[in-house]
Amino acid sequence: MKIIAFIPARAGSKGVPGKNKSIYYKYPLYKHALNVAREVSLFTDLVLSTNDCDILQESFDDPRFSVSKRDESLSRDTSSITDVVIDYLRSSLSFDEILSSIVVLLQPTSPIRFPHELKNIIQLLM
3 MKIIAFIPAR AGSKGVPGKN KSIYYKYPLY KHALNVAREV SLFTDLVLST
53 NDCDILQESF DDPRFSVSKR DESLSRDTSS ITDVVIDYLR SSLSFDEILS
103 SIVVLLQPTS PIRFPHELKN IIQLLM
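Here the sequence shown stands for residues 3 to 128, where the numbers follow the working numbering.
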C-alpha cells in the first residue's frame, strides 16, 4: 500500500501571483507542506506537482520525494485539483496500486497543519 502526500503548487494565480512561493514564517508555502509531510513516516511518497520552473528544480534529501511536472492543460485557473491528482495517479501507478493507495492532499495555501494530525488521519484510513 502506498500512502502519498500530494502537494499541488502551480505557477499561476489570478488573485495572488506566485502565491505558492509566498513566504510564510521564513519559508515558501509549498515548503511548509513538504516539511510537515517529511515528518510523517507513514508517507511512502512525497509528491510535489507543479508547472513552476523554480519549484521543478527543488530537491530534498529524502528518498520518498519526487517532483511531478504538471501539464499546462492542468495548470489553468479552471483546472480541478481532482483532475490533477487523477492524472498523477494514472501516469505513476498501476491500477492495483491506485486501488490500494491513500492520497493525502496537502494544499500549500493551508500551512497550519501538524504531523501528528496527518498521522492520526492516515491511521484512521488504514
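We treat Cβ as the ideally placed atom computed from N, Cα and C, and that holds for glycine.
- Would you say the region 29–41 touches the region 109–124, given that touching needs at least three Cβ pairs under 8 Å? yes
- Task: Could you spell out where the beta strand (DSSP E) holding A7 opens and where it closes?
- Result: 5–10
- Endpoints, the alpha helix (DSSP H) within which T84 is located: 83–94
- Among V18, I123, L95, H118, which residue has its Cα nearest to the Cα of M3? L95
- Message: If you reduce the DSSP assignment to three classes, tell me which class D64 lands in.
- Response: coil
- Cβ distance (whole Å) where F8 is taken to contact S51 below 8 Å: 7 Å
- Tell me whether S70 is buried or exposed, calling it buried when 16 or more other Cβ atoms sit within 10 Å of its Cβ. buried
- Does DSSP put Y29 in a helix, a strand or coil? strand
- Taking the continuous beta strand (DSSP E) assigned at I104, which residues delimit it? 104–107
- Query: Three-state secondary structure (DSSP) at L127?
  - Reply: helix
- Item | Beta-carbon proximity check, F45 vs I5, cutoff 8 Å | yes
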